[in-house]
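Numbering (full-length UniProt numbering), first residue to last: 1 to 332. Every residue gets a Cβ at the ideal spot worked out from N, C-alpha and C, and that includes glycine.
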Amino acid sequence: MDTVLLITILVVVCALAFDFINGFHDTANAIATSVSTKALTPRRAIILAAVMNFVGAMTFTGVAKTITKDIVDPFTLPNGSVVILAALVAAIAWNLITWYYGIPSSSSHAIIGSIAGAAIAAAGFEALHYSGFLKIIYGLLLSPILAFIVGFIFYNVIKMVFKNTNLTKTNNGFRKVQVATAALQAYSHGTNDAQKAMGIITMALIANGYTESTDIQLWVQISCALAMGLGTSVGGWKIIKTVGGKIMKIRPVNGVSADLTGASVIFGASFLGIPVSTTHVITSSILGVGASHRLKGVKWGTAKTMVITWFITLPISATLAALSYFVLNLIF
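Written as structure tokens, this is what we have:
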């Protein structure tokens with residue numbers, strides 16, 4: 001088999017594997033709060049998340065185009081196909097490590113850091129498109145801050161509106177509403193996270209001469225949407241437990257507030273074509289809601305562990321990708 005074709009096939013397989021792992025790694029983002037409050041059973045929540053992830057993935061392509069062209073130039077990147085394959089290997093490895101230990105790290109940080117690390121290993125720091133790369137980094141860093149602030153404000157508004165209502169009846173009502181907000185959160189997850197693998201496959205097609213356009217081909221969109229949906233159906237129970245219970249005790253009203261906050265921030269990013277970490281956004285939404293509800297009720301030790309993981313993911317994934325590139329470059 002031709003080496004170029006072989007590497008392209010490997011990239012597509014690994015990209016779909018990354019999307020699949022991303023699905024079960026990030027399932028918690030969409031359904032942890034609804035499972036925690038018993039608004040949905042785990043089985044129904046995962047089915048709902050899988051379907052809505054697929055629908056969301058088929059809706060947008062702006063984030064995919066950003067991944068394709070804003071980190072590096074796939075048309076001029078030296079040994080581009082090996083760079084992309086190395087990035088995928090590193091991102092998958094980091095995702096599996098953090099999933100195993102139940103740490104809700106960012107798949108977005110992992111793949112973006114990996115692409116940058118592999119590209120630098122191949123062609124030096126000048127290989128990066130700094131304007132586009134920094135735009136992505138700003139989005140990754142600012143989106144959780146925005147989610148925390150919006151969650152804090154949103155829950156304060158809800159407290160004011162429902163301050164004179166019966167707590168039991170209010171929670172029962174919000175538990176029903178949470179089914180819809182969980183679906184919305186899962187849909188928003190698909191509009192952003194599934195796009196990353198689409199962008200990577202398109203990068204490989206360009207680098208290997210199979211296309212001259214950054215437009216996302218339909219077969220790429222469908223296959224990535226299916227991989228994300230199937231991955232979601234597997235479920236990431238360890239991370240669901242962390243997000244759903246180890247940050248704060250979540251009631252239905254908290255869950256609705258966090259879901260709506262997370263979905264609105266992710267939708268805004270998807271509309272602008274900016275990749276964000278759904279893990280960061282939904283976790284920060286819960287933290288913002290929790291801080292608004294009762295500051296001492298938030299388990300800040302768990303939050304601190306998550307934040308440390310968020311910041312170390314970029315350099316670790318970049319380093320893993322650089323090492324992967326050197327190894328794969330010897331093979332191909």
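Buried or exposed for residue i, please, with buried defined as at least 16 other CB atoms from any protein chain shown within 10 angstroms of its CB.
i                 : result
threonine 41      : exposed
asparagine 172    : exposed
glycine 244       : Note that glycine 244 has pLDDT 46, beneath the 50 cutoff, so the model's placement of it is unreliable and the number below is only indicative. Counting Cβ neighbours within 10 Å, glycine 244 comes out buried, since at least 16 surround it.
proline 78        : exposed
tryptophan 219    : exposed
tyrosine 155      : buried
leucine 184       : buried
serine 114        : buried
glycine 124       : exposed
serine 105        : buried
glycine 301       : exposed
valine 63         : buried
glycine 209       : exposed
phenylalanine 152 : buried
serine 213        : exposed
glycine 271       : In the sequence as displayed, the identity of residue 271 is phenylalanine instead of glycine. Phenylalanine 271 should be labelled exposed.
leucine 16        : buried
phenylalanine 311 : exposed
isoleucine 136    : buried
isoleucine 31     : buried
When you compare only the Cα positions, how much space is there between residue i and residue j?
i                 : j                 : result
leucine 226       : methionine 160    : 42 Å
valine 4          : isoleucine 84     : 13 Å
serine 292        : lysine 304        : 18 Å
valine 234        : isoleucine 286    : 24 Å
isoleucine 308    : isoleucine 46     : 28 Å
valine 89         : cysteine 14       : 7 Å
phenylalanine 133 : isoleucine 71     : 5 Å
tyrosine 130      : aspartate 73      : 11 Å
lysine 163        : valine 150        : 20 Å
aspartate 2       : phenylalanine 332 : 11 Å
leucine 141       : threonine 313     : 13 Å
residue 346       : lysine 65         : One cannot answer for residue 346 here, as it falls past the ends of the chain, which runs 1 to 332.
glutamine 178     : arginine 294      : 21 Å
tyrosine 138      : isoleucine 112    : 12 Å
valine 12         : arginine 43       : 30 Å
leucine 128       : threonine 202     : 18 Å
glutamate 126     : isoleucine 103    : 33 Å
asparagine 22     : glycine 290       : 26 Å
alanine 49        : alanine 121       : 37 Å
leucine 330       : leucine 205       : 22 Å
valine 327        : glycine 255       : 45 Å
leucine 6         : threonine 98      : 29 Å
alanine 207       : glycine 80        : 6 Å
isoleucine 67     : lysine 296        : 39 Å
tyrosine 100      : threonine 279     : 16 Å
proline 315       : threonine 33      : 30 Å
methionine 306    : phenylalanine 24  : 18 Å
asparagine 95     : methionine 58     : 23 Å
Roughly how far, in whole angstroms, is the beta-carbon of residue i from the beta-carbon of residue j, given that I think they are within contact range, below 8 Å?
i                : j             : result
phenylalanine 18 : alanine 197   : 6 Å
glycine 273      : methionine 52 : 21 Å between Cβ atoms; not a contact.
histidine 109    : serine 317    : 7 Å
valine 253       : threonine 170 : 7 Å
phenylalanine 20 : glycine 231   : 4 Å
leucine 181      : aspartate 259 : The amino acid occupying residue 181 in the given sequence is threonine; leucine does not appear at that position. Threonine 181 to aspartate 259, Cβ: 4 Å. Contact.
isoleucine 250   : serine 36     : 5 Å
Ignore the nearest five residues each way along the sequence and tell me which others in residue i's own chain have a CB closer than 6 Å to its CB.
i                : result
serine 188       : Ala263, Ile266, Phe267
glycine 56       : Tyr187, Gly190, Thr191
phenylalanine 54 : Ala225, Gly229
alanine 118      : Val83, Ala86, Ala87, Ala321, Tyr325
lysine 69        : Thr214
glutamine 195    : Val63, Ala64
For residue i, which residues of its own chain have a beta-carbon under 7 Å away from its beta-carbon, when the five flanking residues on both sides are left out?
i              : result
alanine 147    : Thr261, Gly262, Val265, Val281, Ser284, Ser285, Gly288
isoleucine 9   : none
isoleucine 158 : Val253, Ser257
alanine 93     : Leu320
alanine 116    : Ile71, Leu128, Phe133, Ala318
Below 6 Å, is the gap between the Cβ of residue i and the nearest heavy atom of the ligand HEM?
i           : result
leucine 314 : The ligand HEM is not part of this structure, which contains no ligands at all.
In chain order, what residues of the same chain lie with their CB nearer than 8 Å to the CB of residue i, ignoring the 5 residues before and after it?
i              : result
lysine 38      : Arg175
valine 276     : Ser108, Gly139, Leu140, Ser143, Asn192, Val265, Ile266, Ala269
glutamine 217  : Thr202, Leu205, Thr211
isoleucine 145 : Ser284
#### Entry: Every unbroken beta strand (DSSP E) within the stretch 187-217, with a cutoff of 3 residues, ordered by chain
Counting only runs of 3 or more, we get nothing.
### Task
Please list the segments of the alpha helix (DSSP H) lying wholly inside the stretch 246-313, counting only runs of 4 or more residues, in order along the chain.
Runs found: 252-272, 278-293.
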